[in-house]
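Numbering (the numbering used here), first residue to last: 299 to 387.
Backbone N, C-alpha and C define an ideal beta-carbon position, used for all residues, glycine too.
Given the structure is predicted, the values throughout are model-derived calculations rather than measurements.
Comments concern the structure below.
Written out as structure tokens, the structure reads:
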């Protein structure tokens with residue numbers, strides 16, 4: 299039976315960056331929809347809110363439960379900030 303490998307925090311950031319950057323560029327040059335740009339920027343926070351992945355280094359200072367709460371709090375702040383920005387094309 300195949301064992302599942304967990305994605306790390308840094309892999310998630312890299313994958314999100316490789317997907318969000320081209321989508322943001324396409325939206326900026328062709329679609330020019332400000333709300334779509336805000337949604338693209340907030341996807342990282344949405345993912346972390348649902349599936350809180352935290353760096354291993356964080357577990358040296360906090361417990362697993364505290365790490366999840368910390369990451370979810372940061373994700374909520376990131377979502378609010380990305381939706382609060384006004385993009386003008």
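Rounded C-alpha distance that separates residue 382 from residue 372
Translated into the one-based positions of the chain shown, residue 382 becomes position 84. Translated into the one-based positions of the chain shown, residue 372 becomes position 74. So the alpha carbons of these two residues sit roughly 15 Å apart.
Flag this pair as touching only if the stretch 342-353 and the stretch 362-370 have three or more C-beta atom pairs under 8 Å; answer yes or no.
yes
What does a CB cutoff of less than 7 Å around residue 331 pick up in its chain, not counting 5 residues either side in sequence?
The sequence position of residue 331 within the chain shown is 33, counting from 1. Here the set comprises 325.
Rank 328, 321, 302, 356 by C-alpha distance to the C-alpha of residue 387 and give the top, closest one.
The residue labelled residue 387 in the question sits at position 89 within the chain shown. When only C-alpha atoms are compared, the closest one is 328.
If you draw a straight line from the C-alpha of residue 307 to the C-alpha of residue 317, how long is it?
Here residue 307 is taken as the residue at index 9 of the chain shown, counted from 1. Here residue 317 is taken as the residue at index 19 of the chain shown, counted from 1. Computed Cα separation, rounded: 16 Å.
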